[in-house]
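Novice:
Protein chains: 2
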Amino acid sequence: MGQVTFTGPGALRDFAEWVTSNSFSRVEILVDQHTAEFCLPRLRKVIDWAGDPIVLPVGEESKSIDGLHHVWMNLLDRKIDRHGVLINLGGGVITDLGGFAASTFKRGIPFVHIPTSLLAQVDAAIGHKTGIDVGGVKNSVGTFAEPDALVVDPVFLETLPDDEYRSGMAEVFKHSLIADRNLWDLLDGYRAGRSCPPGWIQQAAEIKLHIVDQDPREQNRRKLLNFGHSLGHAVESVALTKGILVRHGEAVAAGMLMEAWLSNQLGNLAQSEWDAIRERLTRVYEPLSTKLLDPDTGIAFLRNDKKNRNGSILMVLLDQIGKGVIDRNVTEEQCRAAMHAYPGFYSGE
Amino acid sequence: MGQVTFTGPGALRDFAEWVTSNSFSRVEILVDQHTAEFCLPRLRKVIDWAGDPIVLPVGEESKSIDGLHHVWMNLLDRKIDRHGVLINLGGGVITDLGGFAASTFKRGIPFVHIPTSLLAQVDAAIGHKTGIDVGGVKNSVGTFAEPDALVVDPVFLETLPDDEYRSGMAEVFKHSLIADRNLWDLLDGYRAGRSCPPGWIQQAAEIKLHIVDQDPREQNRRKLLNFGHSLGHAVESVALTKGILVRHGEAVAAGMLMEAWLSNQLGNLAQSEWDAIRERLTRVYEPLSTKLLDPDTGIAFLRNDKKNRNGSILMVLLDQIGKGVIDRNVTEEQCRAAMHAYPGFYSGE
Numbered sequence: 088m089g090q091v092t093f094t095g096p097g098a099l100r101d102f103a104e105w106v107t108s109n110s111f112s113r114v115e116i117l118v119d120q121h122t123a124e125f126c127l128p129r130l131r132k133v134i135d136w137a138g139d140p141i142v143l144p145v146g147e148e149s150k151s152i153d154g155l156h157h158v159w160m161n162l163l164d165r166k167i168d169r170h171g172v173l174i175n176l177g178g179g180v181i182t183d184l185g186g187f188a189a190s191t192f193k194r195g196i197p198f199v200h201i202p203t204s205l206l207a208q209v210d211a212a213i214g215h216k217t218g219i220d221v222g223g224v225k226n227s228v229g230t231f232a233e234p235d236a237l238v239v240d241p242v243f244l245e246t247l248p249d250d251e252y253r254s255g256m257a258e259v260f261k262h263s264l265i266a267d268r269n270l271w272d273l274l275d276g277y278r279a280g281r282s283c284p285p286g287w288i289q290q291a292a293e294i295k296l297h298i299v300d301q302d303p304r305e306q307n308r309r310k311l312l313n314f315g316h317s318l319g320h321a322v323e324s325v326a327l328t329k330g331i332l333v334r335h336g337e338a339v340a341a342g343m344l345m346e347a348w349l350s351n352q353l354g355n356l357a358q359s360e361w362d363a364i365r366e367r368l369t370r371v372y373e374p375l376s377t378k379l380l381d382p383d384t385g386i387a388f389l390r391n392d393k394k395n396r397n398g399s400i401l402m403v404l405l406d407q408i409g410k411g412v413i414d415r416n417v418t419e420e421q422c423r424a425a426m427h428a429y430p431g432f433y434s435g436e
Numbered sequence: 088m089g090q091v092t093f094t095g096p097g098a099l100r101d102f103a104e105w106v107t108s109n110s111f112s113r114v115e116i117l118v119d120q121h122t123a124e125f126c127l128p129r130l131r132k133v134i135d136w137a138g139d140p141i142v143l144p145v146g147e148e149s150k151s152i153d154g155l156h157h158v159w160m161n162l163l164d165r166k167i168d169r170h171g172v173l174i175n176l177g178g179g180v181i182t183d184l185g186g187f188a189a190s191t192f193k194r195g196i197p198f199v200h201i202p203t204s205l206l207a208q209v210d211a212a213i214g215h216k217t218g219i220d221v222g223g224v225k226n227s228v229g230t231f232a233e234p235d236a237l238v239v240d241p242v243f244l245e246t247l248p249d250d251e252y253r254s255g256m257a258e259v260f261k262h263s264l265i266a267d268r269n270l271w272d273l274l275d276g277y278r279a280g281r282s283c284p285p286g287w288i289q290q291a292a293e294i295k296l297h298i299v300d301q302d303p304r305e306q307n308r309r310k311l312l313n314f315g316h317s318l319g320h321a322v323e324s325v326a327l328t329k330g331i332l333v334r335h336g337e338a339v340a341a342g343m344l345m346e347a348w349l350s351n352q353l354g355n356l357a358q359s360e361w362d363a364i365r366e367r368l369t370r371v372y373e374p375l376s377t378k379l380l381d382p383d384t385g386i387a388f389l390r391n392d393k394k395n396r397n398g399s400i401l402m403v404l405l406d407q408i409g410k411g412v413i414d415r416n417v418t419e420e421q422c423r424a425a426m427h428a429y430p431g432f433y434s435g436e
């Protein structure tokens, strides 16, 4: 069966009806220590479930072979089979890992994603990719697997810390920039430290759902979602090398600034639109430490990325706000120039 | 792309041409210590490959999380990507594990099965199922994944020990009994301790390929392949409980005898055909130790099997030689009677 999607206020309640009507032989729930405390009680309010959840420690470290083994062993002990369902209640770590465990347990049992972070609600939990980190490489193993249901309910964002919220917003901005001018205009009302109306989040989630639906295996249009992520990943790789902590959304915001600048320098993005993007993103996101803008480390990373070939980097640029274009060739020299220009975006140079 | 199949004498050479024409960015080979010694040299003769294989210890123990981790780490270190290919050269352990590792590495890289045991050539390596054993449960995790090529070459059977050969023959008999009267008639010429003409093996492999093609997810016709495996698995579970070693093919041969007997007792199998099956299988396979025919342990296992529901056991029976029927209800009492009758098949009672 295809994925059923519940979004917006009341999504969780609608999902509860769906679970009941499906009469699964068993329901198991995967959480981390945070979502066990803050999110599971809300889920228990709407579904009749008295079991103990499968619990993992908070953080990326759980997205490992050990975490996977823990989940598989729990699924075995609880005797779940293809007539049961695993509910993944948490951020991207829980949905990525839980999706991988479920899609391989007995060669695939039904599973449901209930993302509880903004980042997972608009990005990580959408798109049928599951995975864990092996050998220190993010998502080096995984599957393409569709959850039976996806539940995006704003109720879970109420307990989200401000920094997490703002980090997740980077993907919301991204979705608007590549595909939805109207959402971009609405987002003008967003202020750091406050949350968005649920409708905006829902709109952002639906942009990704739609793109993934058109191109599930990322052969074409889905690549749009990498906007801001080429130079954003370069920043993250420098951070990793130097042991500096940077949130994914902050790195992506910096990546979007640099890639929008390149879109104006090399592509079709009008000066006025570049100015608007610069104004908006520098208002919401603090400037990154210049230590993170190390072109030698960052560009070496891009050179090894599987998406790039023959010394030039394939990047998503913007033709205009709301319209991204894939597979643009950018030279290493031009990437270097973007990193060099970045601090100036903040000083208005 | 769909699976390319090379079978019969010369299959390996035809496969070598296919590999060359595909210009994979990297070729890696997975073997166990036996196939590294006996089979890899033959493969090296036909493909231009100077690398070191990924090597696992011989035996089911390698089909574990540790074995999987070892293969994933090797694939990472060797920097293989979606433009490369992993060749699984070995018996069912290597094809099951290698298929699972490849189908999840970077969410799926191309892979090829070159089964080197008779059991793998006619059964394990065919059918798009991959898996490892977790928590002591066989194939408790895995994927449905199609290899890019399957190579069934009789050259590898030359070094196979007699017992292994005879064990693999059980699946050849099974394929003929459920789907091919003509192959059953040919198999009258088989004598334990000797090998079959390659054409018979090829025919058996093609029966499975055909059935799997019609019903890849085992919702219907593919269940035919479980003939002999309900009571065969019951025997294996008793063996496991009591620490007795029994080859898969020997257990399946006993299972086929009991299930053919039930087909005659409860179903449509004519007395003359049951007599022919009994004569043939008791001639090739030694009688099992009566210790393995423990109904209490064996039937408790069947009761927990995911295929069965509500106290009755769903089994494949034979309507006639060459025609199996799925989803026949057999009671626990009737299973017990079959185990009780088994020794009599050998004494001619």
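Read top to bottom, the protein sequences are chains B and Y. Per my numbering, the first sequence runs over residues 88 to 436. Per my numbering, the second sequence runs over residues 88 to 436. In this text, a Cβ means the ideal position worked out from N, Cα and C, and glycines have one as well. Predicted, not measured: the structure shown is a model, and the values here were computed from it.
#1: Residue ranges of each beta strand (DSSP E) run of no fewer than 3 residues wholly in the region 304 to 385 of chain B, ordered along the chain?
#2: Our contact map puts Ala98/B next to Asp240/B with C-beta atoms below 8 Å; I'd like the distance itself, whole angstroms only.
#3: Can you give the Cα-Cα distance for Met88/B and Ala103/Y, rounded to whole angstroms?
#4: What residue does the beta strand (DSSP E) around Val411/Y start on, and which one ends it?
#5: When Cβ atoms are compared, which residues of the region 221 to 253 of chain B fall closer than 7 Å to chain Y?
#6: Let me know the alpha helix (DSSP H) ranges lying completely inside the region 159 to 244 of chain Y, each 4 residues or longer, listed in chain order.
#7: What would DSSP say about Ser263/B, mapped onto helix, strand or coil?
#8: Starting from the beta carbon of Ile152/B, find every residue of chain Y whose beta carbon is closer than 9 Å, and list them in chain order.
#9: So that I know if they touch, is there some Cβ in chain B lying closer than 8 Å to that of Lys216/Y?
#10: By the criterion of Cβ-Cβ separation under 8 Å, what are the contact partners of Phe192/Y in chain B?
#11: Taking DSSP's pairing of strands, which residues face Leu143/Y in a bridge?
#12: So, does the CB of Ser163/Y fall closer than 8 Å to a CB anywhere in chain B?
#13: Alpha carbon to alpha carbon, how far is Ala279/B from Pro234/Y? Give it in angstroms, no decimals.
#14: CB-CB under 8 Å to Lys193/B, same chain, minus the five flanking residues each way: which ones, in chain order?
#15: Kindly confirm or deny that the region 217 to 226 of chain B and the region 175 to 191 of chain B touch, where touching means at least three C-beta pairs closer than 8 Å.
#16: Report buried or exposed for Glu420/B, applying the criterion of at least 16 other Cβ atoms within 10 angstroms of its Cβ.
#17: For Leu379/Y, which residues of its own chain have a beta-carbon under 7 Å away from its beta-carbon, when the five flanking residues on both sides are left out?
#18: According to the neighbour-count rule (16 or more other Cβ atoms, all chains shown, within 10 Å of its Cβ), is His112/B buried or exposed?
#19: Is the shortest distance between the beta-carbon of His215/Y and the beta-carbons of chain A less than 8 Å?
#20: Using the beta-carbon count (16 or more within 10 Å), is Val114/B buried or exposed?
#21: Measuring straight from C-alpha to C-alpha, what distance separates Ser190/B and Gly229/B?
#22: Under 8 Å between the Cβ atoms of Pro140/B and Leu155/B?
#23: Express the C-alpha separation of Trp287/Y and Leu264/Y in angstroms, rounding to a whole number.
#24: Since Gly222/Y and Pro202/Y are thought to touch, with beta carbons under 8 Å apart, how far apart are those beta carbons, to the nearest angstrom?
Specialist: Taking the structure as given:
#1: none
#2: The residue labelled residue 98/B in the question sits at position 11 within the first sequence. The residue labelled residue 240/B in the question sits at position 153 within the first sequence. Indeed, because the Cβ distance is near 4 Å, the residues count as touching under 8 Å.
#3: One-based indexing of the first sequence puts residue 88/B at position 1. One-based indexing of the second sequence puts residue 103/Y at position 16. Because the pLDDT at Met88/B is just 49, under 50, the model does not fix this residue reliably, and the point stays unresolved.
#4: As a first step, residue 411/Y must be located in the second sequence, where it is residue number 324. One point to set straight first is that residue 411/Y is Gly, not Val, in the sequence displayed. That run of the beta strand (DSSP E) goes Lys410 to Val417.
#5: Val221, Gly222, Val224, Ser227, Val228, Gly229, Thr230 and Phe231
#6: 179 to 191
#7: Counting from one through the first sequence, the residue named residue 263/B turns up at place 176. Helix, per DSSP.
#8: Here residue 152/B is taken as the residue at index 65 of the first sequence, counted from 1. Per Cβ cutoff of 9 Å: Ile152, Leu155, His156 and Trp159.
#9: One-based indexing of the second sequence puts residue 216/Y at position 129. So, interface residue.
#10: Start at 1 with the first residue of the second sequence, and residue 192/Y comes out as number 105. Ordered by position in chain B, the residues that pass the 8 Å Cβ test against Phe192/Y are Ser227 and Val228.
#11: Here residue 143/Y refers to the residue found at position 56 of the second sequence. Per DSSP, Asp119/Y.
#12: Here residue 163/Y refers to the residue found at position 76 of the second sequence. The sequence given here has Leu at residue 163/Y, not Ser. Taking Cβ atoms only, chain B reaches closer than 8 Å to Leu163/Y, which makes this a yes.
#13: Locating residue 234/Y in the second sequence gives position 147, where the first residue counts as 1. Locating residue 279/B in the first sequence gives position 192, where the first residue counts as 1. Using only the alpha carbons, I get a separation of about 50 Å.
#14: On the first sequence, position 106 is the one that residue 193/B refers to. Answer for Lys193/B: Asp168 and Arg169, listed in chain order.
#15: yes
#16: In the first sequence, residue 420/B corresponds to position 333, counting from 1. Exposed, since its Cβ has fewer than 16 Cβ neighbours within 10 Å.
#17: To locate residue 379/Y, count along the second sequence from 1; it is residue 292. Here the set comprises Val322, Val325, Ala326, Ile331 and Val333.
#18: Taking the first sequence and counting its residues from 1, the one referred to as residue 112/B is at position 25. For the record, residue 112/B in the displayed sequence is Ser; it is not His. Per the 10 Å Cβ criterion, exposed.
#19: Any reference to chain A falls outside this structure, whose protein chains are B and Y.
#20: By 1-based counting over the first sequence, the position of residue 114/B is 27. Answer is buried; the Cβ neighbour count reaches 16.
#21: Residue mapping note: residue 190/B aligns to position 103 of the first sequence, counting from 1. Residue mapping note: residue 229/B aligns to position 142 of the first sequence, counting from 1. Computed Cα separation, rounded: 9 Å.
#22: The residue you call residue 140/B lines up with position 53 of the first sequence. The residue you call residue 155/B lines up with position 68 of the first sequence. No, Cβ-Cβ distance for Pro140/B and Leu155/B is not below 8 Å.
#23: Taking the first residue of the second sequence as 1, we reach residue 264/Y at position 177. Taking the first residue of the second sequence as 1, we reach residue 287/Y at position 200. Taking the straight line joining both Cα atoms gives about 14 Å.
#24: As a position in the second sequence, residue 222/Y is number 135, starting the count at 1. As a position in the second sequence, residue 202/Y is number 115, starting the count at 1. So it is not a contact: roughly 26 Å between Cβ atoms.
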